[in-house]
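Step one of this worksheet: look at the structure below.
There are 2 protein chains.
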Amino acid sequence: MIRFYNGRIMTDAFSPVTEGQEVWTDADKIAFVGVPSEEKLKEQTFEREIDLNGDLLMPSFKNAHTHSAMTFLRSYADDLPLQDWLFEQVFPMEAKLDGEKVYWLTKLAVLEYLTTGCTAAFDMYFELDDYVKACTESGFRSVMCGAVSGERDNAKVLEERYLKYNGISPLISFRLGFHAEYTAEKGLMEDIAKLAEKYKQSVSMHSSETAKEVRECVEKYGMTPTELFEGLGIFNYGGACFHCVHLSDNDIEIFKKRGLWAVHCPGSNVKLASGIAPIVKLSQSGVGIALGTDGPASNNCLDMFREMFLMTGLQKILLNDAAACPADMVLDAATRGSALAMGLDDCDVIAEGKQADLIVIDLFRPNMQPMNNIAKNIVYSGSKQNVKMTLCAGRVLYEDGEFFIGEDPKDIYRMANEIISSMK
Amino acid sequence: MIRFYNGRIMTDAFSPVTEGQEVWTDADKIAFVGVPSEEKLKEQTFEREIDLNGDLLMPSFKNAHTHSAMTFLRSYADDLPLQDWLFEQVFPMEAKLDGEKVYWLTKLAVLEYLTTGCTAAFDMYFELDDYVKACTESGFRSVMCGAVSGERDNAKVLEERYLKYNGISPLISFRLGFHAEYTAEKGLMEDIAKLAEKYKQSVSMHSSETAKEVRECVEKYGMTPTELFEGLGIFNYGGACFHCVHLSDNDIEIFKKRGLWAVHCPGSNVKLASGIAPIVKLSQSGVGIALGTDGPASNNCLDMFREMFLMTGLQKILLNDAAACPADMVLDAATRGSALAMGLDDCDVIAEGKQADLIVIDLFRPNMQPMNNIAKNIVYSGSKQNVKMTLCAGRVLYEDGEFFIGEDPKDIYRMANEIISSMK
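Going line by line, the protein sequences match chains A and B. Position 343 of the first sequence, counted from 1, bears residue number 343 in my numbering, the numbering being contiguous throughout. Position 104 of the second sequence, counted from 1, bears residue number 104 in my numbering, the numbering being contiguous throughout.
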């Protein structure tokens, strides 16, 4: 058991920060939240007692859309529009990847997630055996999202993966999905709809990221991507849509009807000049919002603090309203919303029985002072510098700048540089 | 003398990063840049030799627009449009400030500047004796910008300050300026133009920050703020304009003709929903660009990394062009551009004889790997977490998370909280 005491607790984004409460973890779970009696405290033995010294314990961030192993392309092909970047730069380089490379490149991403207080990634990539090895060795939680596209795979492969990876480790799950409408034949999408029906499972994919994508889909099918997927039955059991920049009112109606999650990736959307997603409009329509970084080749970092400020800042600009998208809404998307969009129903908030996916935020840094409003401080002025500790499933993986993932970061950096050098 | 060796050197944003070069500082200046002969090295004694271990030494960031002491209002009155925020929240609270409060609140800002690798602030505020004391005690460089407005002061006060503070310390300078058109009577602005003429000095101010400000100025004077200032002779010796969100083509012509600096504050502009400044258009017209955070009450942080990503990201969105505003342009604005806009002609780049205003960027963190392009890594994925060391005028003020400003940060945090508590 680990005991966190003498600090502040934020159980979820909409609850006030409390002082005096304690949180105890037992193995991978949260065992106790509250003010313990002296008797209860005496009865308990702890393997570690962590004096928070006034700092904040809160639910960790979850990254609801990423391609972790794309770390190798960070700062490699910037300043290009999405379609050119994807087809001319990314796909040819990705063709040179193999399992071992994905293993090291994923570990590099895991290090970065931990520095930003993120304990889980909704990850769409390939070479999944090596990906799973990298995550489980590190103690990092991952929800894999089926990455099949017309060129590479088919629905049979997707089904095999779904059956193979769910249950392979408590840290790993796999959800049905495919890359995007513009890389999938209609037949593949129909097959995926059948899988959704067979397993009564949600399906997730990139959707409505660029105006070009939506325009070409309408030209091809007479429908937006959202309408197309809905018509094919892909959304019958819900799903998460990555990006959602260009949505019609009817699209939003479908989101609402099907309980779809809109996964917002503002850093990637500005860097690739894709646009600003209508997040406030979606939220006001009752659609759940999650937050993701997208891959490090398009962002180029995996920093949930930057995404949080961008989420609120871009909505304020889009709506010409400085009151739009307040801090608690942002914090909720980055923690609870993202967890639920990934199907991590037990990783969303701090409560007894939930998974101990937790972070300690150092409040005694200049950007967190004075403490007029801690939630606003985190969203409007927080940074990775404030992440003092990151725990995933009850294990401390990052503390005071040091990593505890069973691998020397220097070896990971060396491998990442060797991998990209070997490809150039 | 301090010797930096065994690392990478970026002398300015547009030069390639080199390996093998050394930088030596002597008191407040850079004494040597290059590869020393063994003889030269033997002859020299150093008070400290810093093994960079492959990390990057580069010019520090300069914050070209801020109101440092507004730290007390961080996360106090968010989510309001600029004019309401300013007149209903900020001005009434500021009326309760005194010199001692400004002293402590400025020190809090200085701590935060150092964490983001920033060594100088172009600062518009009041209680200047205490402000100067806070900066000089800390070893932090400041360029004060005249803050007179119609309600508080007059041009005589401005002139007194100009004469008093220039020369008061090697770290301090004072430039003519006033708050903004919408807080100044025409007579005050005319008097300031006379001062500009008398001392042949530039004049700086908030300008064209919101559409409302420009519209009301046009209604009042039949001219935009830029045209008004130009007509009054305020710009005869140049100046820096803070924000520049809403500019006409004629305004941009005036900027070009007068060599004005456009000081971009993207974090504040999104947070207050003011809009996106036409930075690429200004730059392509030959106007110099500087970067600032604005005050911590409107941003809410003083993080140059966040500003850098916002600068490029917002231009990409504004112009619907992922190639807009590349990384070297951003890095140049945050270092050289900001220094020159503040009149710090000897703090702009790494070269012999320049001021030793330097930072060490930790490249061996996950967000800086692999090293495909170091400049892009800094702008697109850098964070305060990468600032390993900050030197101002040759003095190490921040290193590995510790501050060396002659004051315990805990005392500064305590005072900041006491100050805001006493005002509520």
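For each residue, glycine too, the CB sits at the ideal point set by N, CA and C. No experiment lies behind these values; they were computed from the predicted model shown.
Legend entry - Where V287 of chain A falls, given that 16 or more other Cβ within 10 Å makes a residue buried: In the first sequence, counting from the first residue as 1, residue 287 of chain A sits at position 287. Looking at its Cβ environment, which holds 16 or more other Cβ atoms inside 10 Å, V287 of chain A is buried.
Inset, instruction - Specify, as a first and last residue, the run of the beta strand (DSSP E) that T104 of chain A falls within. - result: Here the question's residue 104 of chain A lines up with position 104 in the first sequence. It should be noted that the sequence gives Trp, not Thr, for residue 104 of chain A. Annotation for W104 of chain A: no beta strand (DSSP E) segment contains it, though the alpha helix (DSSP H) segment containing it runs 99-115.
Inset, instruction - Could you name the residues of chain A that G313 of chain B contacts, counting a contact when the two beta carbons are closer than 8 angstroms? - result: For this step, residue 313 of chain B is matched to residue 313 along the second sequence. Under the 8 angstroms cutoff, chain A gives G267, V270, K271, L310.
Inset, instruction - Under the assumption that S138 of chain A contacts A121 of chain A (Cβ atoms under 8 angstroms), give the Cβ distance between them as a whole number of angstroms. - result: Counting from one through the first sequence, the residue named residue 138 of chain A turns up at place 138. Counting from one through the first sequence, the residue named residue 121 of chain A turns up at place 121. That pair is no contact at about 11 angstroms.
Legend entry - Contact belief for I350 of chain A with V33 of chain A at Cβ below 8 angstroms, rounded distance in angstroms: Indexing the first sequence from 1 puts residue 350 of chain A at position 350. Indexing the first sequence from 1 puts residue 33 of chain A at position 33. I350 of chain A to V33 of chain A, Cβ: 6 angstroms. Contact.
Legend entry - Alpha-carbon to alpha-carbon, K220 of chain B and L57 of chain A: In the first sequence, counting from the first residue as 1, residue 57 of chain A sits at position 57. In the second sequence, counting from the first residue as 1, residue 220 of chain B sits at position 220. Their backbone Cα atoms lie some 53 angstroms apart in a straight line.
Inset, instruction - Report all residues from its chain with a CB closer than 6 angstroms to the CB of L108 of chain B; omit the five preceding and five following residues, and keep chain order. - result: By one-based count along the second sequence, residue 108 of chain B stands at place 108. Counting only Cβ-Cβ distances below 6 angstroms, and skipping sequence neighbours, we find T71, I412, A416.
Inset, instruction - Consult DSSP for V270 of chain A and reduce its assignment to one of helix, strand or coil. - result: Taking the first sequence and counting its residues from 1, one reaches residue 270 of chain A at position 270. Residue state, collapsed to three classes: helix.
Inset, instruction - Identify whether C347 of chain B lies in helix, strand or coil by the three-state DSSP scheme. - result: Position 347 of the second sequence, counting from 1, holds the residue named residue 347 of chain B. Three-state DSSP puts C347 of chain B in coil, outside helix and strand.
Legend entry - Sequence-distant residues of the same chain with beta carbon closer than 6 angstroms to A95 of chain B, five excluded per side: Here residue 95 of chain B is taken as the residue at index 95 of the second sequence, counted from 1. Closer than 6 angstroms at Cβ, skipping near neighbours: no residue.
Legend entry - Residues near R365 of chain B in its chain [Cβ-Cβ closer than 7 angstroms; skip 5 each side]: The sequence position of residue 365 of chain B within the second sequence is 365, counting from 1. Hits under 7 angstroms: Q385, N386.
Legend entry - Nearest-angstrom beta carbon gap, D328 of chain B and A13 of chain B [assumed within contact, 8 angstroms]: The sequence position of residue 13 of chain B within the second sequence is 13, counting from 1. The sequence position of residue 328 of chain B within the second sequence is 328, counting from 1. Right, the Cβ-Cβ distance comes to about 5 angstroms (below 8 angstroms), so this counts as a contact.
Inset, instruction - Given a cut-off of 9 angstroms, decide if V270 of chain A and L228 of chain A are closer than it, judged by their beta-carbon atoms. - result: Translated into the one-based positions of the first sequence, residue 228 of chain A becomes position 228. Translated into the one-based positions of the first sequence, residue 270 of chain A becomes position 270. Not closer than 9 angstroms, so no.
Legend entry - Exposed unless 16 or more other CB atoms sit within 10 angstroms - verdict on L163 of chain B: As a working note, residue 163 of chain B is residue 163 in the second sequence. With fewer than 16 Cβ atoms within 10 Å of its Cβ, L163 of chain B is classed as exposed.
Legend entry - Cross-chain neighbours of F32 of chain A in chain B, by beta carbon under 9 angstroms: Here residue 32 of chain A is taken as the residue at index 32 of the first sequence, counted from 1. Here the premise fails: no neighbours, minimum Cβ distance about 30 angstroms.
Inset, instruction - Taking only runs that begin and end inside the stretch 253-312 of chain B, name each unbroken beta strand (DSSP E) of 3 or more residues, in chain order. - result: 261-264, 288-291
Legend entry - Amino acids of chain A, ordered along the chain, whose beta-carbon sits closer than 9 angstroms to that of K410 of chain B: The residue given as residue 410 of chain B occupies position 410 in the second sequence. Per Cβ cutoff of 9 angstroms: F364.
Legend entry - Contact check, R74 of chain A vs R306 of chain B, beta carbons under 9 angstroms: Residue numbering aside, residue 74 of chain A sits at position 74 when the first sequence is read from its first letter. Residue numbering aside, residue 306 of chain B sits at position 306 when the second sequence is read from its first letter. Cβ atoms of R74 of chain A and R306 of chain B: not closer than 9 angstroms.
Legend entry - Burial state of G343 of chain B, where buried means 16 or more other Cβ atoms lie within 10 Å: Start at 1 with the first residue of the second sequence, and residue 343 of chain B comes out as number 343. Label assigned to G343 of chain B: buried.
Inset, instruction - Flag L86 of chain B as yes if its beta-carbon sits less than 9 angstroms from any beta-carbon of chain A, otherwise no. - result: Against the second sequence, residue 86 of chain B aligns to sequence position 86. Answer no: the Cβ-Cβ gap between L86 of chain B and chain A never drops below 9 angstroms.
Inset, instruction - Compare the C-beta of F72 of chain A against all C-beta atoms of chain B and say whether one is closer than 9 angstroms. - result: The residue labelled residue 72 of chain A in the question sits at position 72 within the first sequence. Closer than 9 angstroms: yes.
Inset, instruction - Assign Q201 of chain A to one of two classes, buried (16 or more other C-beta atoms within 10 Å of its C-beta) or exposed (fewer than that). - result: Stepping through the first sequence from its first residue, residue 201 of chain A is reached at position 201. Q201 of chain A comes out buried.
Inset, instruction - Could you list which residues in chain A have their beta carbon closer than 8 angstroms to that of C135 of chain B, in chain order? - result: Looking up residue 135 of chain B in the second sequence gives position 135. Going along chain A, no residue has its Cβ under 8 angstroms from C135 of chain B, so there is no contact; the nearest lies around 15 angstroms.
Legend entry - Three-way DSSP call (helix, strand, coil) for N250 of chain B in this model: The count along the second sequence starts at 1 and reaches residue 250 of chain B at position 250. Three-state result, N250 of chain B: helix.
Legend entry - Same chain only: Cβ atoms within 8 angstroms of M223 of chain B, ignoring 5 sequence neighbours per side: Sequence index remark: in the second sequence, residue 223 of chain B carries index 223 (1-based). Taken in chain order, the residues that qualify are C217, G231.
Inset, instruction - Just list the beta strand (DSSP E) runs in the stretch 119-199 of chain A, keeping only unbroken ones of 3 residues or longer that don't cross its boundaries, in chain order. - result: Within the stretch 119-199 of chain A, the complete beta strand (DSSP E) runs of at least 3 residues are 141-145, 172-180.
Inset, instruction - Could you tell me the distance, in whole angstroms, from the CA atom of R215 of chain A to the CA atom of N299 of chain B? - result: In the first sequence, counting from the first residue as 1, residue 215 of chain A sits at position 215. In the second sequence, counting from the first residue as 1, residue 299 of chain B sits at position 299. Taking the straight line from one Cα to the other gives about 37 angstroms.
Legend entry - Cβ of G337 of chain B within 9 angstroms of any chain A Cβ: Residue mapping note: residue 337 of chain B aligns to position 337 of the second sequence, counting from 1. Not an interface residue.
Inset, instruction - In angstroms with no decimal places, state the Cα-to-Cα distance between P16 of chain A and R8 of chain A. - result: The sequence position of residue 16 of chain A within the first sequence is 16, counting from 1. The sequence position of residue 8 of chain A within the first sequence is 8, counting from 1. Those two C-alpha atoms are separated by around 10 angstroms.
Inset, instruction - Locate the beta strand (DSSP E) running through S204 of chain B, then write down its first and last residues. - result: Position 204 of the second sequence, counting from 1, holds the residue named residue 204 of chain B. Start and end: 203-207.
Inset, instruction - Using alpha carbons as the reference points, say which of A:A339, A:T312, A:S338, A:S274 lies closest to A83 of chain A. - result: For the purposes of this step, residue 83 of chain A is identified with residue 83 of the first sequence, where counting begins at 1. As written in the sequence, residue 83 of chain A is Gln, which differs from the Ala given in the question. Minimum Cα distance to Q83 of chain A is reached at A:S274.
Inset, instruction - Mind checking which residues open and close the alpha helix (DSSP H) that includes T226 of chain A? - result: Translated into the one-based positions of the first sequence, residue 226 of chain A becomes position 226. Element bounds for T226 of chain A: 225-232.
Legend entry - Spatially closest choice to G187 of chain A from A:S149, A:E209, A:F174, by CA coordinates: On the first sequence, position 187 is the one that residue 187 of chain A refers to. Ranking A:S149, A:E209, A:F174 by Cα distance to G187 of chain A puts A:S149 first.
Legend entry - chain A residues whose Cβ lies nearer than 9 angstroms to that of D345 of chain B: As a working note, residue 345 of chain B is residue 345 in the second sequence. The premise fails here: D345 of chain B is roughly 29 angstroms from chain A at the closest Cβ pair, so nothing lies under 9 angstroms.
Inset, instruction - Starting from R3 of chain B, find everything on chain A with Cβ-Cβ shorter than 9 angstroms and list it in chain order. - result: Locating residue 3 of chain B in the second sequence gives position 3, counting from the first residue. In chain order: nothing, as chain A lies at least about 24 angstroms away.
Inset, instruction - Step through the CB atoms of chain B and report whether any lies within less than 9 angstroms of the CB of F242 of chain A. - result: Start at 1 with the first residue of the first sequence, and residue 242 of chain A comes out as number 242. Taking Cβ atoms only, chain B never reaches closer than 9 angstroms to F242 of chain A, which makes this a no.
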